[in-house]
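Remarks on the structure that follows.
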Amino acid sequence: MKKTIAVLPGDGIGKEVTQGAVSVLQAVGERFGHQFTFTFASIGGGAIDALGTPLPDETIEVCKKSDAVLLGAVGGPKWDGLPGHLRPEKGLLRIRKELNLYANLRPVSYYAATAETSPLRPEIIAGADMLVVRELTGGLYFGKPSERSTRDGEESVVDTLFYKKKEIERVIRLAFQLADTRRKKVTSVDKANVLESSRVWRETAEEIAREYPEVTLEHMLVDNAAMQLIKNPKQFDVLVTENMFGDILSDEASVLTGSLGMLPSASISEGGPYLYEPIHGSAPDIEGKNIANPIAMILSAAMMLRTSFGLEAEAEAIENAVEQVLESGLKTSDIALNGQKPIGTAEMIEEIKATI
Ligand code: ATP
Ligand code: MG
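To convert, note that position 146 of the sequence shown is 146 in UniProt numbering; the numbers rise steadily by one, no gaps.
Right, here's the structure in full:
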């Protein structure tokens with residue numbers, strides 16, 4: 001199979017971990033006989049320094065012409081003082097918009113080898129395996145108006161939660177499609193006892209559920225979901241929710257795996273290309289020290305192989321290699337236990353490649 005991949009390393013440890021994902025993909029290509037072509041492009045602080053903008057048009061062009069996009073992370077203290085439109089993070093928001101990435105998928109699963117770094121007891125998290133589907137381009141974060149105002153002569157403020165019914169449908173339908181390939185359960189999270197938008201969300205989930213008779217639908221109020229994630233995470237298969245609830249719940253769910261350095265994500269559009277990135281940021285505090293955990297980025301590359309290219313065996317080869325390396329006791333410093341000598345970023349990448 002021949003595929004073109006746009007690679008946007010970005011800033012900080014984004015550069016180190018992206019390098020790792022690319023070399024792991026090359027190893028998979030050699031082993032399974034695929035030809036992956038990588039086109040590198042700039043985004044974030046590096047792009048501001050070189051070209052005066054956090055997302056050059058050229059980068060958008062490269063992404064749109066590619067079969068998938070791999071993104072590291074953007075930002076760092078060097079660019080903190082810049083005006084809003086010139087922030088590295090603006091590059092990230094704009095690429096999501098340009099590529100119309102309406103859903104963010106975050107798989108969260110238990111790793112025996114890193115369980116001890118989680119604050120939750122092993123018997124609570126053992127076997128947990130869920131997929132959080134977050135709506136990414138609507139809801140409170142994009143509603144207008146969003147402004148300070150005066151109402152009845154008083155200082156006031158308004159944020160707007162706005163969705164088109166179609167936007168709710170497409171993300172819920174995606175959740176059902178994904179659940180159909182997993183344990184066939186969708187938990188739709190809302191606040192239907194209070195919000196009209198949540199009542200429409202709930203009705204829509206009921207409508208879509210009729211298209212998937214094999215999949216069980218359950219509704220859960222967001223406050224209860226926040227508690228259940230910690231109390232009994234094993235009950236969840238696919239969780240689907242609107243933008244802000246998803247933002248909060250997916251970060252909460254990340255404690256199940258122990259480290260931010262372990263979690264991949266995929267962002268989905270209608271028609272592609274899809275974008276894959278680790279959920280962590282550019283981690284300027286550990287940049288250039290060869291201690292960043294490259295696994296979140298490498299697992300994002302595995303998601304790309306499965307989701308964008310349909311290469312299931314190849315994705316599993318990466319996931320199994322990661323698991324084997326961790327089980328053999330090799331860990332980067334974020335997931336190493338007290339008294340255990342950690343390995344570096346480059347060594348972890350080499351171990352995973354060698355295991356593939
Ligand atoms: P952003 O705003 O871009 O999401 P952030 O401020 O949330 O960034 P991160 O860059 O994700 O922060 O880093 C949070 C903490 O987690 C830092 O102390 C960082 O060193 C650590 N960290 C993040 N990613 C990794 C990784 N891959 N390996 C090891 N430690 C990491
Ligand atoms: Mg963050």
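Beta carbons are placed, not taken as given, at the ideal position from N, Cα and C, and that holds for glycine.
Is the beta carbon of Ser109 closer than 8 angstroms to that of Lys353? In the sequence shown, counting from the first residue as 1, residue 353 sits at position 353. In the sequence shown, counting from the first residue as 1, residue 109 sits at position 109. Taking 8 angstroms as the Cβ cut-off, Lys353 and Ser109 do not qualify as a contacting pair.
Using DSSP with H/G/I as helix, E/B as strand and the rest coil, what is Tyr141? As a working note, residue 141 is residue 141 in the sequence shown. Of the three classes helix, strand and coil, the one that applies to Tyr141 here is helix, per DSSP.
Contiguous alpha helix (DSSP H) assignments of at least 4 residues, all confined to the segment 269–303: none
May I ask you to check if the CB of Thr355 is nearer than 7 angstroms to at least one heavy atom of the ligand ATP? Position 355 of the sequence shown, counting from 1, holds the residue named residue 355. Because no heavy atom of the ligand ATP lies under 7 angstroms away, the Cβ of Thr355 does not count as near it: no.
Residue span of the beta strand (DSSP E) that contains Lys113, given as start and end: Your numbering for residue 113 matches position 113 in the sequence shown. Note on residue identity: the sequence assigns Ala, not Lys, to residue 113. Per DSSP, Ala113 belongs to no beta strand (DSSP E) and is neither H nor E.
Meets three-Cβ-pair contact criterion under 8 angstroms: the segment 268–281 and the segment 341–353: no
Please confirm whether any heavy atom of the ligand ATP lies closer than 7 angstroms to the CB of Ser118. The residue you call residue 118 lines up with position 118 of the sequence shown. Not so, every heavy atom of the ligand ATP lies at least 7 angstroms from the Cβ.
Under 8 angstroms, with one C-beta from each stretch per pair, do the segment 104–119 and the segment 280–287 reach the 3-pair mark? no
Can you tell me whether Lys2 is helix, strand or coil according to DSSP? As a working mapping, residue 2 is identified with position 2 in the sequence shown. Reduced to three states, the DSSP call for Lys2 is strand.
Have a look at Gly139 and Gly33 and give me their C-alpha separation to the nearest angstrom. Locating residue 139 in the sequence shown gives position 139, counting from the first residue. Locating residue 33 in the sequence shown gives position 33, counting from the first residue. Looking at the two C-alpha atoms, the distance is approximately 43 angstroms.
Quick one: Cα of Glu98 to Cα of Gly339, how far? By one-based count along the sequence shown, residue 98 stands at place 98. By one-based count along the sequence shown, residue 339 stands at place 339. Each residue's alpha carbon lies about 47 angstroms from the other.
Just to confirm, does Leu260 get its C-beta within under 7 angstroms of one of the non-hydrogen atoms of the ligand ATP? Along the sequence shown, read from residue 1 onward, the residue named residue 260 stands at position 260. Result yes, Cβ under 7 angstroms from the ligand ATP.
Taking the CB atoms as reference points, tell me whether Ala205 and His219 lie closer together than 8 angstroms. Taking the first residue of the sequence shown as 1, we reach residue 205 at position 205. Taking the first residue of the sequence shown as 1, we reach residue 219 at position 219. Contact flag set, yes.
Option in Glu327, Leu120 and Ala6 with minimal Cα separation from residue 361: One cannot answer for residue 361 here, as it falls past the ends of the chain, which runs 1 to 356.
Less than 8 angstroms between the beta carbons of Asn133 and Ala175, yes or no? Within the sequence shown, numbered from 1, the residue matching residue 133 stands at position 133. Within the sequence shown, numbered from 1, the residue matching residue 175 stands at position 175. In the sequence as displayed, the identity of residue 133 is Val instead of Asn. Yes, Cβ-Cβ distance for Val133 and Ala175 is below 8 angstroms.
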